[in-house]
Amino acid sequence: MCTICGHFAKNAKINSSDIYDMLVKMSHRGPDSHGVYLDGKLIRAKEIKELTEQFTRETHIALGHSRLTIIGEEGLTQPYRSCDGKLSLIHNGEIYNYQKLRTFLLREHKFQTSSDSEVIVHLLEETYQGDLLEAVDKVIGLLDGMYALAVTDGRSVVVARDPIGKKPLYYIINGDVTYFASEKKALWNGKDTPRRLNPGNVLNMDDSGTNEYEGFTLQLPQIDIVDFREAVEAYKEVLIAAVQKRLSGLNESRTGVIFSGGIDSVLISKLLQREGKNIICYCTGTGDSGDIVAARSVAEDMGLELKTTIITEDMVENILAEVIENVEESGLLQVEVAIPMYLAAKLAAQDGIRVMFTGQAADELHAGYPWYNEVVSKFGYLRLHERLWEDLTFLYTDTLEREDKLTMAHSIELRAPYLDRDVIQTSMRISPMLKIEGGMDNLRKRVHREAAVELGVPPYLAFRPKDPAQSGSGIHGIVEKIAKRCVQRVDSDLVEENLRRDKGSLYRYDEDVYGSAAARSYLQRIEEEIQSRFIPPYLCCERRRTAAL
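Residues in the sequence shown are numbered consecutively from 10, following the numbering used here.
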């Protein structure tokens, strides 16, 4: 897991100090080593300050990378280069089938590392016939995992993002220069709003311009599992494999779990236990919150090591700006959901944890949220099936990007077995009638719950009703109290902008109005103050460029 960034100057060269600035702002994502590509030259260093002298040169194409070591020995740092020297690549993410992909290579390649990332550049090398965009299109469909990557042939740059949107990637076009980065804070300039590279899409940069294209996308499978017993067995098989896949090559002696005591995180913990992993579960909430009470009871019953952080009003007030800075959003609902995970990851980082598992996406796959009852009652099961797919494929907008940033803020990689492509495909082949028994079914997730019991989760845990994250943690209302105490005047423009930020979340949670104007104004003002601190000189003023290449 890493951070990536870069620039492409159309028919020009610009100072490459922007790469240094972006890497520094995102250094939490990759604290172990750093590397850059500057118009064909690769430079690597253990400490980012060792690269300072390299950033005085002007470049047409520049790429930057900082590494968090998870898979592969602590050897050669990215960027990686193809054997023929034509292609250079930076990659953020994990490719779980990288060992199998090595067998696809038709000719012998000289590997410098055992890294999953290096396999990609050699696959591209075999596919590349002078058209970089075409080569990337052919390769990304082979990658099973999460990724944001950039590759250059010295004339163009192509950036690609995984089809579910697990790894974030943003870009801005400022005049003739395109900048891209793993986080928006590296691109904030007070003028241009960073654009999200949509999941599965590719961004092509060459001297004719910058264009975003559809790349590799997931397709909704046909419903062909209509027997409950078949559904449970098929689901168990792919879920076990998904956990095993995410443990392959993992060097960490201990692994963390974002833990609420609910069925989704409990099942992941149980599967990790089955694989013999030493896990620590982390839960955050107010002292009497549902999550804390449930987590303590479950951990004791299952013999799990549990560490908790008890949220107080003073604690929330002290970290609000910190959370908003890292999540890069200030929507009230987004912030309330972010706080518990941020604190859980912070505690895990203090324990030296580098990889955590999450139960994210089980609700979208198996109809876990209460509003799905209304969908069934009003529109029927086929509409429910469509709605589940919509919610899953839009999960990146208000959940996946947020959770990636919250954990990477503490240099922790987050792995989500429920987002495995085989788990997704199998779950969506299951008839929605097997997932929820009509509009009055208050438990929902029937296949998921039965599978959990058969995999060793006690029935009373498998059938605990669902709590929203901000309610289960007890965080709901704390931000409101702080805002009402701190806000002297509500700014209607800030309120409107904050509501816009929460639009996707409000849709998913079927909320028309959530929270007070005071809370939204308060949070939006904090974000604007944060953004103003991040504006770098190379993005907020005109810069001298050399003559066209």
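Even glycine gets a Cβ: it sits at the ideal position worked out from N, Cα and C.
C-beta atoms of residue i and residue j nearer than 9 angstroms
i: residue 379; j: residue 458; result: no
i: residue 472; j: residue 272; result: yes
i: residue 45; j: residue 74; result: yes
i: residue 203; j: residue 212; result: no
i: residue 53; j: residue 43; result: yes
i: residue 30; j: residue 76; result: no
i: residue 354; j: residue 301; result: no
i: residue 265; j: residue 364; result: yes
i: residue 125; j: residue 154; result: yes
i: residue 310; j: residue 470; result: yes
i: residue 240; j: residue 234; result: yes
i: residue 51; j: residue 90; result: yes
i: residue 263; j: residue 360; result: yes
i: residue 631; j: residue 175; result: The shown model of the chain, from 10 to 558, leaves out residue 631, and the question about it has no answer.
i: residue 393; j: residue 445; result: yes
i: residue 88; j: residue 413; result: no
i: residue 461; j: residue 276; result: yes
i: residue 201; j: residue 19; result: no
i: residue 307; j: residue 281; result: no
i: residue 357; j: residue 419; result: yes
Chain-order list of residues whose beta-carbon lies under 7 angstroms from that of residue i (same chain, five-residue window excluded)
i: residue 47; result: 25, 63, 66, 68 and 71
i: residue 210; result: 170, 221, 222, 223 and 224
i: residue 229; result: 398 and 437
i: residue 488; result: 325, 341, 344, 345 and 528
i: residue 499; result: 526, 527 and 530
i: residue 539; result: 330, 333 and 334
Status (buried if at least 16 other CB within 10 Å, exposed otherwise) for residue i
i: residue 449; result: exposed
i: residue 236; result: exposed
i: residue 93; result: exposed
i: residue 542; result: exposed
i: residue 121; result: exposed
i: residue 391; result: exposed
i: residue 8; result: Residue 8 is absent from the model: the chain starts at 10 and stops at 558.
i: residue 298; result: buried
i: residue 321; result: exposed
i: residue 260; result: exposed
i: residue 12; result: buried
i: residue 323; result: exposed
i: residue 109; result: exposed
i: residue 388; result: exposed
i: residue 140; result: exposed
i: residue 226; result: exposed
i: residue 255; result: buried
i: residue 317; result: buried
i: residue 28; result: buried
i: residue 86; result: buried
i: residue 1; result: Beyond the ends of the chain as shown, which are 10 and 558, falls residue 1; an answer cannot be given.
Coil, strand or helix - residue i by DSSP
i: residue 53; result: strand
i: residue 496; result: coil
i: residue 71; result: strand
i: residue 357; result: helix
i: residue 392; result: helix
i: residue 554; result: Annotation note: pLDDT 42 at residue 554 (below 50); position unreliable, coordinate value reported separately. Looking at residue 554 - three-state DSSP - the assignment turns out to be coil, as it is neither helix nor strand.
i: residue 339; result: coil
i: residue 438; result: helix
i: residue 131; result: helix
i: residue 244; result: helix
i: residue 190; result: strand
i: residue 260; result: coil
i: residue 78; result: coil
i: residue 543; result: helix
i: residue 155; result: strand
i: residue 419; result: coil
i: residue 527; result: helix
i: residue 334; result: helix
i: residue 273; result: helix
i: residue 301; result: helix
C-beta neighbour in chain B for residue i, strict 9 angstroms
i: residue 215; result: No chain B appears in the structure shown, which is made up of a single protein chain.
Chain-order list of residues whose beta-carbon lies under 8 angstroms from that of residue i (same chain, five-residue window excluded)
i: residue 416; result: 350, 354, 365, 422 and 423
i: residue 115; result: 135
Cβ-based neighbour list, residue i, same chain, cut-off 6 angstroms, excluding 5 preceding and 5 following
i: residue 296; result: 319
i: residue 247; result: 431, 432 and 435
i: residue 106; result: 153
i: residue 352; result: 293 and 318
Near the ligand NAD: residue i beta-carbon under 8 angstroms from a heavy atom
i: residue 470; result: With respect to the ligand NAD, the structure offers nothing, as it holds no ligand at all.
message: Pairs of beta-carbons, one from the segment 337-344 and one from the segment 503-513, closer than 8 angstroms: are there three or more?
response: yes
message: With three or more beta-carbon pairs closer than 8 angstroms as the criterion, would you say the segment 158-165 touches the segment 86-104?
response: yes
Meets three-Cβ-pair contact criterion under 8 angstroms: the segment 360-369 and the segment 381-391: no
task: May I ask you to verify whether the segment 295-311 touches the segment 396-412, counting CB pairs closer than 8 angstroms and requiring at least 3?
output: no
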